[in-house]
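Read the structure below first, then the notes.
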């Protein structure tokens, strides 16, 4: 009891003495001192001076890591709030975007992610990221002409090591926000009111030992593989009944691309993991390649312990035009691909690990997105195709010659992709706030 009271007192004391620091790319200076009147110039300088529990206010501008690097490291649990005017007189995340937009020529300085959370082990104040825009659209490499539909500003996303003729480096398979698997930080993690666009890898990939993660009121557009995954870094044989508590709510998740251009593998808006209690509600899941929600990874029960290690609630979400399914679930040995308007959708609550499925709907009035979705990109996505043409003649002179020498016969495969992972205009992402009343990301007040 004494230890608990001491710990509680320390937390209260830290909260009472937390500081406020200011960062402005346009008006700040490296040495600060970090006040509203004399802000720091870079987030790195603020982090050096911050203590756990402090709040860092960031003005509009484009920010980078140390020496212009593509990775920004956050190594203390602080609250970072973006979207302020240069003089901090007002906040509007759309009118005054706090932007992290790495460039292709800085890919040699890239880390595993654009923002890496390296939190200290143990209890602490919450790590909060609020109102930050991360766009990897100019960090990636796109083909000059292949997979470039009319009106779309780039060709298809290029898998490394390929790169476009105008690029210095190949695409960076970087997460937008990443918390490493082995961390033992026990404080809460909150990510809200942010935009994640054109990620070369998962937009948000958080692995946490215990506690809670809240992903609220964000916009995810044109990221690869998964827009968001939150997993538990506890040992797989941990016999505790505590699951990592995750809330994914009021997010707009669009155009999550598959792992490869064949568009048959991955492409999830939110993916449910074991050892996690996932409360998924009031989101918009649309135009994702595989599914809005994926619950097809890991067993619902802990092997050898005969207990549930997944607890999933899917309530009051809006789905539209997901290519393969609105939700995928495992019903051994196969994966079921379910649409919200199918008879099986509500029956998901009978599957192990799924607590509740209620109030989910399909989009009835597409007009709510008029003027908010990029028309050329939408048209191309709905018509996106992948095809292969094989040229193999086992009796061709070349193959007969190879056979005589004990070599394998060969052929060629020509692939054709109408689009894949093309850059989505960031300007069109801002318009998605407040697109649909009651679902997805709402206007930030």
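In the working numbering, the protein residues as written are 145 to 589.
Note that CB positions come from ideal geometry on N, CA and C, so glycine has one too.
Beta strand (DSSP E) runs wholly inside the region 371-424, at least 3 long, in chain order: 388-393, 396-398 and 412-415
Distance check for residue 175 and residue 350, CA to CA, integer angstroms please. 32 Å
Determine the direct distance from the alpha carbon of residue 269 to that of residue 156, and round the result to whole angstroms. In this predicted model, residue 156 has a pLDDT of only 47, less than 50, meaning its place in the structure is not dependable; the value taken from the coordinates is given anyway. Those two C-alpha atoms are separated by around 10 Å.
Once the 5 residues before and after residue 180 are set aside, which same chain residues still bring their CB inside 7 Å of it? 166 and 232
Which residues bound the alpha helix (DSSP H) around residue 188? 187-193
Less than 8 Å between the CB atoms is what I'm expecting for residue 512 and residue 579, so what's the real figure, rounded? 6 Å
Alpha carbon to alpha carbon, what distance is there between residue 265 and residue 145? No answer about residue 145 holds up, because its pLDDT of 44 lies below 50 and its placement is not dependable.
Cβ-based neighbour list, residue 206, same chain, cut-off 7 Å, excluding 5 preceding and 5 following: 169, 243 and 245
Near residue 498, what residues of its chain come up, given a Cβ to Cβ distance below 6 Å and the 5 sequence neighbours on each side ignored? 456 and 492
Residue 148, buried or exposed, once every other Cβ within 10 Å from all chains shown has been counted against 16: In this prediction, residue 148 has a pLDDT of 40, which is less than 50 and means its spatial position is unreliable; nothing more can be read from the coordinates.
Pick out whichever of 171, 354, 196 and 187 has its Cα sitting closest to the Cα of residue 162. 196
With a threshold of 8 Å, are at least 3 pairs of Cβ atoms found where one atom belongs to the region 319-339 and the other to the region 291-309? no
Using 8 Å as the threshold, is the C-beta distance between residue 271 and residue 261 below it? yes
What did DSSP end up calling residue 358 once you bin it into helix, strand or coil? strand
Can you name the residues that DSSP bridges to residue 203? 228
Rounded to the nearest angstrom, how far is the Cβ of residue 335 from that of residue 273, given a contact under 8 Å? 5 Å
Please work out which residues of its chain come closer than 6 Å, Cβ to Cβ, to residue 528, disregarding the five sequence neighbours upstream and downstream, and give them in chain order. 562 and 563
State the DSSP-derived secondary structure class of residue 248, mapped to helix, strand or coil. helix
Same chain, Cβ closer than 6 Å to residue 472, neighbours up to 5 away in sequence not counted: 435, 438, 440, 479 and 481
What are the start and end residues of each continuous alpha helix (DSSP H) run of 4 or more residues lying completely inside the region 480-526, in chain order? 519-526
Alpha carbon to alpha carbon, what distance is there between residue 550 and residue 279? 51 Å
What number of angstroms, rounded off, separates the C-alpha of residue 387 from the C-alpha of residue 460? 23 Å
Helix, strand or coil, according to DSSP, for residue 558 in the structure here? Bear in mind that a pLDDT of 48 at residue 558, under 50, signals an unreliable position, so the model cannot answer this.
Helix, strand or coil for residue 236, going by three-state DSSP, please let me know. coil
From residue 289 to residue 409, what distance separates their C-alpha atoms? 24 Å
Give the range of the alpha helix (DSSP H) segment to which residue 574 is assigned. 570-574
Thinking just about the alpha-carbon of each residue, which of 189, 227 and 184 is nearest to the one in residue 204? 227
Compute the beta-carbon to beta-carbon distance between residue 372 and residue 347, rounded to the nearest angstrom, for a pair I have assumed lies under 8 Å. 6 Å
Cα-Cα separation, residue 340 to residue 390: 19 Å
Backbone secondary structure at residue 176 - three-state DSSP: coil
At which residues does the beta strand (DSSP E) containing residue 165 begin and terminate? 164-167
Given a cut-off of 8 Å, decide if residue 200 and residue 259 are closer than it, judged by their beta-carbon atoms. no
For residue 318, does the count of other Cβ atoms within 10 angstroms reach 16, so buried, or fall short, so exposed? buried
With DSSP as the reference, label residue 435 as helix, strand or coil. strand
Cβ shell of residue 178 (< 7 Å), same chain only, five flanking positions each side left out: 165, 166, 184, 190 and 193
Are there 16 or more other CB atoms within 10 angstroms of the CB of residue 152, so buried, or fewer, so exposed? Because the pLDDT of residue 152 is 44, which lies under 50, any placement of that residue in the model is unreliable, and the number read from its coordinates should be weighed accordingly. Flag for residue 152 reads exposed.
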